[in-house]
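K.L.:
First the structure, which I've put down as structure tokens, then a few questions once you've had a look.
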Amino acid sequence: NAGVTQTPKFQVLKTGQSMTLQCAQDMNHEYMSWYRQDPGMGLRLIHYSVGAGITDQGEVPNGYNVSRSTTEDFPLRLLSAAPSQTSVYFCASSYSITGRPQHFGDGTRLSIL
Amino acid sequence: ELKVEQNPLFLSMQEGKNYTIYCNYSTTSDRLYWYRQDPGKSLESLFVLLSNGAVKQEGRLMASLDTKARLSTLHITAAVHDLSATYFCAVGHSGGGADGLTFGKGTHLIIQP
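For the record, the sequence lines run as chains A and B. If you use my numbering, the first sequence corresponds to residues 6 to 118, in order. If you use my numbering, the second sequence corresponds to residues 964 to 1076, in order.
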């Protein structure tokens, strides 16, 4: 019963490096999203997808790219890492029906030096 | 732009006491969620509230929604140490279906014996 799986759990990058945070879900959820969590800020939406081939920007999309080629996977790409992107990143998924709660992964703790 | 305000942001209380966390939001929405987060962990769904006057209870926690006042409350009855966590409310954007959530900054709750 995997749910939402995020990899890696921890990562340290240097400024300017690129990397991809992986997110996979096995619940056949149409909707997937990425949030970042910073101390005292709650969670802020980066990008989301309502189905394969469809993505849209959230509140803080700059510096991040996403794609959704399959229902199961929703990777988040950092194009050129900056210290301001040091954060905990959460992926979430849900059915595309009003009122269904989002299921969250365990998070990726990312530090950029 | 949807804004979500929680208060208090920090709460220290004794076991056995009652208290309420408030969540105000700025624009019309058709769904409100409450989540719990333990330190270093992911978010766990507690309640989904979809209509004016909705009330849901689970153990010592009860959540309610007043859509006219744009206010939700999370009431804790006879608190126990195990309820120590950070509690987030999150509001869905109006229009139905699944899309991103706007989170409050969270209420860090410590329950002392």
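Beta carbons: idealized from backbone N, C-alpha and C, even for Gly. Note that the coordinates shown come from a computational prediction; the quantities given were computed from them, not determined experimentally.
Closer than 7 Å by beta-carbon distance: list the chain B residues that pair up with S58 (chain A), in chain order.
P.N.:
The amino acid occupying residue 58 (chain A) in the given sequence is Gly; Ser does not appear at that position. Going along chain B, no residue has its Cβ under 7 Å from G58 (chain A), so there is no contact; the nearest lies around 16 Å.
K.L.:
DSSP has R999 (chain B) in a bridge; who is on the other side?
P.N.:
For R999 (chain B), the pairing in a beta bridge is given by DSSP as B:E1007 and B:Y1050.
K.L.:
Measure the C-alpha to C-alpha separation of S72 (chain A) and V55 (chain A) and round it to an integer number of angstroms.
P.N.:
11 Å
K.L.:
Please determine if the stretch 84 to 95 of chain A and the stretch 104 to 112 of chain A are in contact, where contact requires at least 3 C-beta pairs separated by less than 8 Å.
P.N.:
yes
K.L.:
Which residues in the same chain have their Cβ closer than 7 Å to the Cβ of N987 (chain B), if we skip the five residues on either side of it in sequence?
P.N.:
E968, R1033 and L1034
K.L.:
Among the candidates B:Q1075, B:R994, B:L1072 and B:E964, whose CA atom is the shortest distance from the CA of V1018 (chain B)?
P.N.:
B:R994
K.L.:
Starting from D78 (chain A), trace the beta strand (DSSP E) both ways and give me its first and last residue.
P.N.:
In this chain, D78 (chain A) is not harboured by any beta strand (DSSP E), its DSSP state being neither H nor E.
K.L.:
Against chain C, with Cβ distances strictly below 8 Å, would M32 (chain A) count as a contact?
P.N.:
No chain C appears in this structure, whose protein chains are A and B.
K.L.:
Would you verify that the beta carbon of N981 (chain B) is, or is not, closer than 8 Å to some beta carbon of chain A?
P.N.:
no
K.L.:
For H34 (chain A), which residues from the same chain have a beta carbon less than 7 Å from its beta carbon, with the 5 sequence-adjacent residues on both sides left out?
P.N.:
When the five nearest sequence neighbours on each side are left out, the beta carbons in the same chain lying within less than 7 Å of the beta carbon of H34 (chain A) are those of S98, S99 and Y100, in order along the chain.
K.L.:
Given a threshold of 16 other Cβ atoms within 10 Å of its Cβ, counted over all protein chains shown, does L1074 (chain B) qualify as buried or as exposed?
P.N.:
Correcting the residue type first, residue 1074 (chain B) is Ile in the shown sequence and not Leu. Buried: at least 16 other Cβ atoms inside 10 Å.
K.L.:
Rounded to a whole number of angstroms, what is the C-alpha to C-alpha distance between S975 (chain B) and A1048 (chain B)?
P.N.:
11 Å
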